[in-house]
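Q: Taken in sequence, the protein lines are chains R and L. Counting from 0, one number per residue, gives the positions in the first sequence under numbering that gives the first Met the number 0. Counting from 0, one number per residue, gives the positions in the second sequence under numbering that gives the first Met the number 0. Before anything else, here's the structure in question.
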Amino acid sequence: MSIPQTDESTEVFQATGLTKVYRTGDVEVHALRGVDMTLYEGEVAVFLGPSGSGKSTLLNILGGLDAASGGRVIFRGEELTGFDERSLTLYRRRNVGFVFQFYNLISSLTARENVALVTEISDHPMRPEEALALVDLSDRMDHFPAQLSGGEQQRVAIARAIAKRPEVLLCDEPTGALDSKVGIVVLEALTAINEELGTTTAIITHNAAIREIAHRVFYFADGRIASTHINQRRLKPRDVSW
Amino acid sequence: MKALDKKLLRDLMSMWAQALAVALVVAAGVATLILAVGAYRSLDETRAAYYERYRFAHVFAVATRAPRGLMKRVLELPGVAAAEARITKNALLDIDRFTQPATGLVISLPSNGVPTLNRLYIRSGRLPQPGETTAVAINEDFAAAHDFRPGSQFKALLGGRKRTLTVVGTVLSPEFIYSVGPGDFVPDDSRFGILWMAEKAVEAAYNLENAFNSVSLSLRRDASQEDVISRLDALLERYGGRGAYDRDDQFSHAFLDSELDQLSAMARVLPPIFLVVTAFLINMVLTRLIALEREEIGLFKALGYGRLAVASHYLKLVMVIAAAGIVIGFGLGTWFGDLLTRLYGNFFHFPFLVFQRNVDVYVISAIVASTSAGLGTVRAVRSAINLPPAVAMQPPAPAVYRRLWSRGAVLLRHVSQLTIMVFRHLMRWPLRAATTTLGIALAIAVLVTSLFPVGSVNFMVDFTFFQSDRQDASITFASETADRVVQNVGRLPGVMVVEQFRTVSTKMRLRHNERRVSIVGRPAGTYLTGDMSQAPDLPPRPTGIDLSRLLNVKQEPLAMPETGLVLTEKLALLLKARRGDLVEVEFLESSRRTVRVPVTEIFQSYFGLSAFMNIRALNDLLDEGAVVTGVHIAIDERFEEVLYGIIKNTPALTAIALRKASLVKFRETMAQNIVFMTGVYSTLGIIIAFGVAYNSARIQLSERARELASLRVLGFTRAEVARILTTELAIVTIIAVPIGWILGRGFAWILIQGFESELYRVPLVIERSTYAQSALIVIGAVVASALIVRRRVNRLDLIEVLKTRE
Ligand SMILES: Nc1ncnc2c1ncn2[C@@H]1O[C@H](COP(=O)(O)OP(=O)(O)OP(=O)(O)O)[C@@H](O)[C@H]1O
Ligand SMILES: [Mg+2]
Chain R
0 MSIPQTDEST EVFQATGLTK VYRTGDVEVH ALRGVDMTLY EGEVAVFLGP
50 SGSGKSTLLN ILGGLDAASG GRVIFRGEEL TGFDERSLTL YRRRNVGFVF
100 QFYNLISSLT ARENVALVTE ISDHPMRPEE ALALVDLSDR MDHFPAQLSG
150 GEQQRVAIAR AIAKRPEVLL CDEPTGALDS KVGIVVLEAL TAINEELGTT
200 TAIITHNAAI REIAHRVFYF ADGRIASTHI NQRRLKPRDV SW
Chain L
0 MKALDKKLLR DLMSMWAQAL AVALVVAAGV ATLILAVGAY RSLDETRAAY
50 YERYRFAHVF AVATRAPRGL MKRVLELPGV AAAEARITKN ALLDIDRFTQ
100 PATGLVISLP SNGVPTLNRL YIRSGRLPQP GETTAVAINE DFAAAHDFRP
150 GSQFKALLGG RKRTLTVVGT VLSPEFIYSV GPGDFVPDDS RFGILWMAEK
200 AVEAAYNLEN AFNSVSLSLR RDASQEDVIS RLDALLERYG GRGAYDRDDQ
250 FSHAFLDSEL DQLSAMARVL PPIFLVVTAF LINMVLTRLI ALEREEIGLF
300 KALGYGRLAV ASHYLKLVMV IAAAGIVIGF GLGTWFGDLL TRLYGNFFHF
350 PFLVFQRNVD VYVISAIVAS TSAGLGTVRA VRSAINLPPA VAMQPPAPAV
400 YRRLWSRGAV LLRHVSQLTI MVFRHLMRWP LRAATTTLGI ALAIAVLVTS
450 LFPVGSVNFM VDFTFFQSDR QDASITFASE TADRVVQNVG RLPGVMVVEQ
500 FRTVSTKMRL RHNERRVSIV GRPAGTYLTG DMSQAPDLPP RPTGIDLSRL
550 LNVKQEPLAM PETGLVLTEK LALLLKARRG DLVEVEFLES SRRTVRVPVT
600 EIFQSYFGLS AFMNIRALND LLDEGAVVTG VHIAIDERFE EVLYGIIKNT
650 PALTAIALRK ASLVKFRETM AQNIVFMTGV YSTLGIIIAF GVAYNSARIQ
700 LSERARELAS LRVLGFTRAE VARILTTELA IVTIIAVPIG WILGRGFAWI
750 LIQGFESELY RVPLVIERST YAQSALIVIG AVVASALIVR RRVNRLDLIE
800 VLKTRE
């Protein structure tokens, strides 16, 4: 495995001077203080950095979940930061798969139905069963979130994200709550999707070991990308030592 | 089924109690409109159909004695379609096993045996044949009160002779849908009956051969009622005509009208109040319910669902609840409406009922209910949908609380942290606390509005029967009698106090305003029977124990002025008369003079329009000696039976009204109508109260579940955690109670305005017990809801809190 070749590497995301300020009452929090970065088609990027450094904020903006305060994001030549509500919705529906830090499953729907929630509105989805099989949850399909462990809930969330065969997969701490064995299953599912479909994948993690599976690693600090590292050699998830 | 729809179903199932509570509130609002309008329209339609089929006359007139031959000229009057002459007389009745004397209104049937106007609906038996002299058909209510059926007999004093009459049939008449005996306020079927007899028999009994004293006319559609009335008056004048009148002055019709007006007032006033209240409540409840779904809404957006898809999902959820409520409301409203229609139909003895089902009320109530539900949803969904999904999906940022009364902080040291939490929470979300308060206050207000009429009626009863008209009985004489008779009545056994009166029919005019009204002449004081030695034509000595008193608005007795008119407030209002105004009075009896009399006093009365004058001044105006038409008496109960026995056999008496019996009847009538009515409305009010209380408590729990569970995790006991919720509810409820009372009084005032008619005025009297009851019912509902919610606090999922963020 190697970094995608430059001649075939199309830019998927291109962020320039991205800033984000949260205002709560009199308090201003500068979550992003000018981020410049590019993600290429088919690459796996890992975001590392201390808590509060702006990783989730960036991911949310890339995914069209939140609006930037300044700067631009170009998605495949179109300015994402200029999208209106409707285009953003369509963008999320067609192009993006999310895995959230806090799973965000609908508690009144079973695992299968939580996945179906997305496949029903996608163009070329997998069957929910297929997606759940990919994360090794075939025997838990009819359980409600409350009947699943944290890791299992996270895998349902991943199945939900990959079921629509998205162009980009944005994962906020997908293995945060998982032990290594399950974590490996999850990561393998993500890399498999990446290889099969060429899905551009961004993964936020606190587990520095996971950086080994990425093409590139972005180090965050205080709302900025402090440094970028290119892995000369990627490891398969099962070869990563946790 | 779509995953979203599955979610909807499961959500509905898991929140069924709350959904049901909201649905019931909707149902209550919808039901009031349907029941009130339905009952009103059904009864109105029934009456119209009854009048039509049984040819209820348009114009009526009473005279002393007119020759039959006059009828030809009556029929020739322009605009008259049909006319019927007859004889009507009051008669005292003597009924076996019924100690009290009763009064009958004897009406002659035309010589061919069947009336053409005011036709009779025969319930049982038949009408008397033209030749029968003792056969009588009686109104069904009277028959029912004494268990009379064809073949039964009773005695009557007809024209001074006692006769035994035989019932041959029971009937209903459009003329006596509501029948009240002379001197009475309310119907008492046991003491007042209508007796239809063959013309020959009545003519003979009253020496009115070939004559009549009453005439009914039906008019052609294009006729001018006023013109016919004045022409008829001119024809009858020579024969002692007392002034023709139209349906508006016909007692049964007027009473029915005022009763229907009240129903229509209820239909106009209460349902809008209920609907507005329910609209507000569903809006409030659903707004907060949906606000709780903020994170899910964020997620749907993140997953690529459009605004419309998200909004319609929640609209569906809400519409299912609203639809359930609307359907329940349709059912309840139709059922209660029919029940009310039957109750009134029964009360009025309509021969049939026409049920009106109007699509419009169903449509309107459904639209109002679903619109308010929909608006609440859209508003709530919009505020969540406008957030970027990333923000919506996070729990709301920890609220910025202010320090409570920074200077009072010393005080707070003695208050537990939990109590501080409660206060900070209330003050942090003042709008939320305010809407909950308003919701509970509205529930109380609705209850006050539905419960208060009982208090008003109690007040009317007390005012009328205990403060103003305190006589035990009122006796009417067969003819105008000299003052001296008063002495004779005073000597009867058991009569403690006598107070004479004289009633004269008049037309009163002031500027453009005219009313037919009787003037009652009364003395400035009452004789004690012990004082009978005193010549009655001497100025009466005020004894300070007047039987019938005039009271002002403050319930203080008014001294009877020596001269001038004393008008009820209502009559003064209708004539636009003030103290000192000169009113033109046209006497329709005896001298038939027209005079101008000043208004000297205005008094308070809740029944009818009446005018009083000093009896001596009245007699002077009529240029007659000391004439009386009746007396009010106070009776020593020990001699009651003896006295009644004598009265039944006194030919000079034609009618007797018994106050105590009236009071009992009045209470019964009210018990039937008002209690049922308030029962229905307060049931709906209770449903609303519970719906609000339960939802407020339940939502409060949902809004704070995470916080409360965290407290449990920190080691607070269930009771302590539950106390936070209950303290909050208690504070909100305590603030809501006085607000609810004030709002309720306002609603009641609006309702009272609609109740007013010429026959009735309902005072706005809200008893303390009404305030107490409505507050207690709502507090009860709040406590019950708090208990239910408390059980949920006990089941708070602590693990869930730990599993997820924060
Ligand atoms: N909705 C918000 N309102 C105010 N401040 C916010 C909000 N969301 C994030 N922040 C702040 O923005 C900064 C960046 O947050 P972000 O979630 O991007 O951090 P992160 O790198 O993902 O941290 P973690 O590893 O803990 O998830 C933090 O200081 C956070 O407190
Ligand atoms: Mg984060």
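From the three backbone atoms N, C-alpha and C, an ideal C-beta is built for every residue, glycine too. Model, not experiment: these values are computed from the prediction.
Under a CB-based cut-off of 8 Å, is L:T6 close to chain R?
A: Here residue 6 of chain L is taken as the residue at index 7 of the second sequence, counted from 1. Here the sequence assigns Lys to residue 6 of chain L, which means Thr is not the residue at that position. Closer than 8 Å: yes.
Q: Judging by CA-CA distance, which residue of L:G344, L:L307 and L:F147 is the nearest neighbour of L:I384?
A: Taking the second sequence and counting its residues from 1, one reaches residue 384 of chain L at position 385. Of L:G344, L:L307 and L:F147, the residue nearest in Cα terms is L:L307.
Q: Are three or more beta carbon pairs between the segment 295–312 of chain L and the segment 89–100 of chain R nearer than 8 Å?
A: yes
Q: Just checking, does the segment 34–41 of chain L make contact with the segment 333–341 of chain L on the three C-beta pairs under 8 Å criterion?
A: Contact holds between the segment 34–41 of chain L and the segment 333–341 of chain L, because three or more Cβ pairs, one in each stretch, are under 8 Å apart.
Q: For L:I228, which option in L:R237, L:S215 and L:I518 has the closest C-alpha, if you only look at C-alpha atoms?
A: To locate residue 228 of chain L, count along the second sequence from 1; it is residue 229. Measuring from the Cα of L:I228, the nearest candidate turns out to be L:S215.
Q: Would you mind telling me which residues of chain R sit closer than 7 Å to L:V390, beta carbon to beta carbon, in chain order?
A: Numbered from 1 along the second sequence, position 391 holds the residue referred to as residue 390 of chain L. Residues of chain R passing the Cβ test: D65.
Q: Would you say R:V11 faces chain L, with C-beta separation under 8 Å as the test?
A: Residue numbering aside, residue 11 of chain R sits at position 12 when the first sequence is read from its first letter. Not an interface residue.
Q: Closest Cβ-Cβ distance between R:I212 and chain L: below 8 Å?
A: In the first sequence, the residue the question calls residue 212 of chain R occupies position 213. No, because no Cβ of chain L sits closer than 8 Å to the Cβ of R:I212.
Q: Taking Cβ positions only, does L:L707 come closer than 8 Å to chain R?
A: The sequence position of residue 707 of chain L within the second sequence is 708, counting from 1. Among the residues facing chain R, L:L707 is not included, as its CB has no counterpart in that chain under 8 Å away.
Q: To test your reading of the DSSP string, which unbroken alpha helix (DSSP H) runs of 4 or more residues are found completely within the segment 78–158 of chain R?
A: When DSSP assignments are scanned along the segment 78–158 of chain R, the uninterrupted stretches of alpha helix (DSSP H) that are 4 or more residues long and fall wholly within it turn out to be 84–94, 110–118 and 127–133.
Q: If the cut-off is 7 Å on Cβ atoms, which residues from the segment 103–136 of chain R count as contacting chain L, listed in chain order?
A: N103, I105, S107, L108, E112, A115, L116, V117, E119 and I120
Q: Got a list of residues with beta-carbon closer than 7 Å to any non-hydrogen atom of ligand 2, in chain order?
A: R:K54, R:S55, R:Q100, R:D171, R:E172 and R:I203
Q: Assuming the contact rule is C-beta atoms closer than 8 Å, L:F184 and L:N138 should be a hit. Round their C-beta distance to whole Å, please.
A: Residue mapping note: residue 184 of chain L aligns to position 185 of the second sequence, counting from 1. Residue mapping note: residue 138 of chain L aligns to position 139 of the second sequence, counting from 1. In fact, because the Cβ distance is near 19 Å, the residues do not count as touching under 8 Å.
Q: Should L:Y693 and L:A20 be called a contact, given that it needs their Cβ atoms to be closer than 8 Å?
A: By 1-based counting over the second sequence, the position of residue 693 of chain L is 694. By 1-based counting over the second sequence, the position of residue 20 of chain L is 21. Closer than 8 Å, so yes.
Q: For L:T769 and R:V155, what's the separation of their Cα atoms in angstroms?
A: The sequence position of residue 769 of chain L within the second sequence is 770, counting from 1. The sequence position of residue 155 of chain R within the first sequence is 156, counting from 1. Their backbone Cα atoms lie some 58 Å apart in a straight line.
Q: Counting along the chain, where does the alpha helix (DSSP H) carrying R:G69 start and finish?
A: The sequence position of residue 69 of chain R within the first sequence is 70, counting from 1. Counting along the chain, R:G69 falls outside any alpha helix (DSSP H), though it belongs to the beta strand (DSSP E) covering G69 to F74.
Q: Specify the secondary structure class of L:P539 as computed by DSSP and reduced to three states.
A: Within the second sequence, the letter at position 540 stands for residue 539 of chain L. The predicted position of L:P539 is uncertain, since its pLDDT is 42 and thus under 50; a value taken from the coordinates is nonetheless stated next. Of the three classes helix, strand and coil, the one that applies to L:P539 here is coil, per DSSP.
Q: Given that a residue counts as buried once 16 or more other Cβ atoms are within 10 Å of its Cβ, and exposed if not, what is L:W748?
A: Position 749 of the second sequence holds residue 748 of chain L. So L:W748 counts as exposed.
Q: Could you give the distance in angstroms between the alpha-carbon of L:N206 and the alpha-carbon of L:T562?
A: Residue 206 of chain L sits at position 207 when you count from the first residue of the second sequence. Residue 562 of chain L sits at position 563 when you count from the first residue of the second sequence. Those two C-alpha atoms are separated by around 38 Å.
Q: Counting only beta-carbon separations shorter than 8 Å, does R:E151 have a partner in chain L?
A: Reading the first sequence from its first residue, position 152 is the one you call residue 151 of chain R. Not closer than 8 Å to any Cβ of chain L, the Cβ of R:E151 fails to qualify, so no.
Q: Could you list which residues in chain A have their beta carbon closer than 9 Å to that of L:E292, in chain order?
A: Here the protein chains are R and L, and chain A is not one of them.
Q: Going along the chain, which residues of the segment 179–204 of chain R sit with their C-beta nearer than 9 Å to a C-beta in chain L?
A: Going along the segment 179–204 of chain R in chain order, one finds no residue with a Cβ nearer than 9 Å to chain L.
Q: Under three-state DSSP, which class holds L:V390?
A: For the purposes of this step, residue 390 of chain L is taken as residue 391 along the second sequence, with counting starting at 1. Looking at L:V390 - three-state DSSP - the assignment turns out to be helix.
Q: Is it the case that the Cβ atoms of L:F464 and L:T45 are separated by a distance below 8 Å?
A: The sequence position of residue 464 of chain L within the second sequence is 465, counting from 1. The sequence position of residue 45 of chain L within the second sequence is 46, counting from 1. No; because the gap between Cβ atoms is not below 8 Å, this pair is not in contact.
Q: Could you tell me the distance, in whole angstroms, from the CA atom of L:R287 to the CA atom of L:I733?
A: Working through the second sequence from its first residue, we reach residue 287 of chain L at position 288. Working through the second sequence from its first residue, we reach residue 733 of chain L at position 734. Taking the straight line from one Cα to the other gives about 22 Å.
Q: For ligand 1, is there any heavy atom lying closer than 7 Å to the beta carbon of L:Q393?
A: What you label residue 393 of chain L is simply residue 394 of the second sequence in a count that begins at 1. Under cutoff, so the answer is yes.
Q: Name the two residues that bound the continuous alpha helix (DSSP H) containing L:F254.
A: Taking the first residue of the second sequence as 1, we reach residue 254 of chain L at position 255. Here the alpha helix (DSSP H) through L:F254 covers F250 to A290.
Q: Report the option in L:L314, L:T448, L:E757 and L:A379 whose CA atom is closest to the CA atom of L:G607.
A: In the second sequence, counting from the first residue as 1, residue 607 of chain L sits at position 608. When only C-alpha atoms are compared, the closest one is L:E757.
Q: Taking 6 Å as the limit between beta carbons, can you name the residues of its chain near R:K19, skipping five residues before and five after?
A: Against the first sequence, residue 19 of chain R aligns to sequence position 20. Answer for R:K19: A30, L31, T56, A67 and S68, listed in chain order.
Q: Whole angstroms is fine: what's the gap from R:R233's alpha carbon to R:F99's?
A: Position 234 of the first sequence, counted from the first residue, corresponds to residue 233 of chain R. Position 100 of the first sequence, counted from the first residue, corresponds to residue 99 of chain R. Rounded to whole angstroms, the separation of the alpha carbons of R:F99 and R:R233 is 24 Å.
Q: What's the C-alpha gap between L:Y50 and L:D226?
A: Translated into the one-based positions of the second sequence, residue 50 of chain L becomes position 51. Translated into the one-based positions of the second sequence, residue 226 of chain L becomes position 227. Cα to Cα, the separation comes out at about 22 Å.
Q: Could you have a look at L:L69 and say whether DSSP puts it in helix, strand or coil?
A: Position 70 of the second sequence, counting from 1, holds the residue named residue 69 of chain L. The answer is helix: DSSP assigns L:L69 an H, G or I state.
Q: Tell me the DSSP secondary structure of L:N111 in three-state form.
A: For the purposes of this step, residue 111 of chain L is identified with residue 112 of the second sequence, where counting begins at 1. Residue state, collapsed to three classes: coil.
Q: Measuring straight from C-alpha to C-alpha, what distance separates L:S661 and L:E479?
A: Taking the first residue of the second sequence as 1, we reach residue 661 of chain L at position 662. Taking the first residue of the second sequence as 1, we reach residue 479 of chain L at position 480. Near 25 Å, if we compare the C-alpha coordinates of L:E479 and L:S661.
Q: Got a sec, what are the start and stop residues for the beta strand (DSSP E) L:G739 sits in?
A: Position 740 of the second sequence holds residue 739 of chain L. It is not in any beta strand (DSSP E) - L:G739 instead sits in the alpha helix (DSSP H) that spans R717 to F754.
Q: In whole angstroms, give me the CA-to-CA distance for L:A200 and L:V135.
A: Reading the second sequence from its first residue, position 201 is the one you call residue 200 of chain L. Reading the second sequence from its first residue, position 136 is the one you call residue 135 of chain L. The alpha-carbon atoms of L:A200 and L:V135 are separated by roughly 10 Å.
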